[in-house]
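Visitor:
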Amino acid sequence: MKLVIVTSVEEFRKDVLRLFKNANIHNFSSSDIDGYKNGSSVVMTSSWFASEKFSNESRLFFSFTENENIDDLFNAIADFNSKLETSNAVRAVVVPIERHI
2 MKLVIVTSVE EFRKDVLRLF KNANIHNFSS SDIDGYKNGS SVVMTSSWFA
52 SEKFSNESRL FFSFTENENI DDLFNAIADF NSKLETSNAV RAVVVPIERH
102 I
């Protein structure tokens, strides 16, 4: 068993839900998060409040699941990201679980 963590912009929420379903990951949790990128941009420099940081409405999904489901999910995410016309790719990491109850 491993922990898979997936982040995406809110716009891709339904897509990530579909990716989880197609990978046979039916038990998971999600949460609203604010995503930030450091660095200057035209939008940030044109802000009335120079120190204001802009965030993106994002989602965090996580699930304790089996390796074969994670492999399917990662393949599906790679395929999904390869078709994007934006720099906001879906991101995923896997964390091994040493013990669980």
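The opening residue of the sequence shown carries number 2 in our numbering; numbering runs sequentially from there. All C-beta atoms, glycine included, are put in the ideal place defined by N, C-alpha and C.
Measuring straight from C-alpha to C-alpha, what distance separates LEU85 and VAL17?
Guide: Rounded to whole angstroms, LEU85 to VAL17 spans 13 angstroms at the Cα level.
Visitor: Between HIS27 and VAL95, what straight-line distance do the alpha-carbon atoms span, to the nearest angstrom?
Guide: Taking the straight line joining both Cα atoms gives about 17 angstroms.
Visitor: Among the residues of its own chain, which have a CB less than 7 angstroms from the CB of GLU59, if the five just before and after it don't count?
Guide: The displayed chain sequence assigns Ser, not Glu, to residue 59. Closer than 7 angstroms at the Cβ level, and outside the excluded window around SER59, lie THR8, SER9, VAL10, GLU11, ILE34, ASP35 and GLY36.
Visitor: Using DSSP with H/G/I as helix, E/B as strand and the rest coil, what is ARG19?
Guide: Of the three classes helix, strand and coil, the one that applies to ARG19 here is helix, per DSSP.
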